[in-house]
Every structure is written in structure tokens, then in C-alpha cells.
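Below you'll find the structure, written out as C-alpha cells, and then a few comments.
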Amino acid sequence: MVMDALQTIVMVICMLLAQQLVVGYYAETCPDVETIVSNAVANAYQQDAGTAPGLLRLHFHDCFVQGCDGSVLLDGPNSEKTAGPNFSLRGFEVVDTIKQELEAACPATVSCADILAYAARDSVVQSGGSTWDVPAGRYDGFVSIASEAVAALPDPTFTVDELTNAFANVGLSQLDMLTLSGAHTIGRTHCSSILNRLYPTVDPDLDPTLATQLISLCPDGAPDGTTVMNLDPTTPFTFDNEYYSNLPNGKAMLQSDQVLWNDFSTQFASTINSFVGPVWDTSFGDSMVTMSNINIKSSNEGEIRLNCHVTNSQAAAAAAGTGQ
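Quick note on numbering: the sequence shown equals residues -24 to -1, 1 to 300 in mature numbering (1 follows the signal peptide of the UniProt record, and there is no 0).
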């Protein structure tokens, strides 16, 4: 009862904070912001389709730790970037390009956190998914701690209960969890995330043919950074609901994906998503907006970073030290 009450309080706080964000927030101060972000994401996607899942994952990993405040972008020996779950994050160079263009067009105006929110939406669109309106007005945080990322981010070995709790800890529902898991319709996974399904014995829920392929690509003890397979082996570069159709066929790469079908509490919704793509497509955008409202910082709690990798005070100190 106490935990339920606390989770409800967290959700109410998130809803109240969400009122700070506005669609068209930069209409007067930086009217071309969404065009600049969209064009940059499109250019990056044309060069490498892996940019899309990379940018989408950056936003997700940002929001789950310290809220949606760009903390995942900060450099530092113990920053979120250095946490195990974030070793394979990518897309930082695209964010840097966008930030440079925005600083030229409207200096000190658009936050790095808002860039992540816009870029995540545009990545889905580039991959064939539907668009949604992105509320903006986030401020960038000052703190980035690796241990907080380890504690907050869902693990690929999680059960449905563990996934539900991880999402509830940031004010998201089980339905949000199930809906947002569909982001695994694009992107790739690493040996380190699937070894538990292969050794010492093969997970009986894993399709035998797929298991044989994975064993050949991921021998026991394979290095953590080894990239193996697309998360959605059916339509790996298309943002669609095929992810959910893979679940009953044993073609989910991650254990945390397969359990969505195996667990009775999420099986029905997974089935609906597999048959009614447009419903999931719309729900995905709604859940992304909900997620992007997690723990929004006020102007007193954050800033508009001039460089997404460092806080403004760190940048000023570095400039003073070099005499710039």
C-alpha cells in the first residue's frame, strides 16, 4: 500500500511538472528549431540507419536517470556515459551537430534535453513510424552519476514485474512499459545482453534456428562490445509492430522482451499490438510524450547548456584556464 501510494505521488508530480512543457515552445525564440533537428537527423540517417535507434535510446536513457535533462550527454570519469548499460550508446555526434547549428541560429536558447526529445521523434519518423507533437521547455541538468544509471535503467534479464517496477519508479505505467518496449523494432543487440539465454543451456523459449545462429555469433565469454543481431530480425530497419509478432514465435532477442509474451499480465496487450499496428503506433507517441515529461527541471534547477558535453560553469572554467 505504501509503495502504491508513493508511486501515485510520483505520477502526480510528473503530471504537474509536465504542464511546464509546451508544444511550439520555441516559436518566437527559435522558430526553425524543429526543422534544423529534423534535417540533421535525416542527413545522419541517410549515412547510417543505425542513427535512429541510437538517438531514440539516448532519449530513453536520459529520461530514466535524473529525468529528461540531458544528463546522459555530460562527460566525466563517473558520468552516466561510463555506466555499463550506457557503454553502447551512440548518436552523440549527431546531437553535437544539431547543437552547433542551433547555437548559430539562436544562441543559448535550445536545451540539449529538448534536442534529445526532438531527435527521438524524428528518428522514429525516419524509420517509417508516425510523428507526434513534442512539448518543449526542458532545462539541462548539472549532475550525471554512473551509479544512478545502473540503478535506474531496466536490465535485459528483467522479468515483467521488474520491468513494471523500473517504469513505475519514474512514474510510467505497465502499459507505457509494454508500449515503449516496441522501440526494439529497430536497433541491434550485443552478445553481453543475450549470453544468459544461450549458456549454460539454451532458453527453451528461443527459436531453435535463431538460437543456433546466436551461438555461432556469440561463443560463451564473447567480449561485451560484440554486436550480433538486429533486435527485430523480421523488419530490422522499419519502425513497425513486427516486434510484437516476433514474441510468440520465440524471435525476441532479449529475455526482457520475450517475457512480455510469456507473462499472462502482458500477453493480451502484446497480442493486440501485434495485430493492430496503428493502435500501437499512436500509443507509442503518447507514451513517448509521457516519458519525456519525467522530472522536468525548472530554470532554477538547470540551464541551457552551450555545449552538451559540459555544464556552462565547467566550460567557463576550462576557457579561463586556457586563456580563451
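C-beta: ideal position from N, C-alpha, C; glycine also.
contact_flag[the stretch 12 to 27, the stretch 95 to 109] where n(CB pairs < 8 Å) is 3 or more: Cβ pair count under 8 Å is three or more, so yes.
Contacts around G261, its chain only, beta-carbon distance under 7 Å, and the 5 residues preceding and following it disregarded: Excluding residues within five positions, the ones whose Cβ falls inside 7 Å are S106 and W108.
A291 and L282 closer than 8 Å at C-beta: yes
Collapsed DSSP secondary structure at E279 in the structure displayed: strand
N54 to I121 span [Cα, whole Å]: 6 Å
Exposure of A293, with buried meaning 16 or more beta-carbon neighbours within 10 Å: exposed
Three-state secondary structure (DSSP) of A291: helix
Other residues of its chain near S246: CB distance less than 6 Å, five sequence neighbours each side excluded: Y220, L223, L236 and W237
Of the listed residues V101, I12 and L50, nearest to I74 (C-alpha basis): I12
Limits of the unbroken alpha helix (DSSP H) element including M153: Q150 to L156
Residues bridged to A112 [DSSP beta-bridge criterion]: Within the DSSP secondary-structure output, A112 pairs in a beta bridge with V(-3).
Pairwise C-alpha distance: P184 and P111: Cα to Cα, the separation comes out at about 44 Å.
Cβ-Cβ separation, D208 to I162 (assumed contact under 8 Å), whole Å: 7 Å
Beta-bridge partners of R164, as assigned by DSSP: N206
DSSP state of V86 mapped onto helix, strand, coil: If DSSP states are grouped into helix, strand and coil, V86 belongs with coil.
6 Å Cβ shell around T287 - same chain, five flanking residues per side excluded: Shown here for T287: same chain residues with a beta carbon closer than 6 Å to its own, the five before and five after excluded, namely F118 in chain order.
Top-ranked residue by Cα proximity to H37, from A159, T133 and Y2: A159
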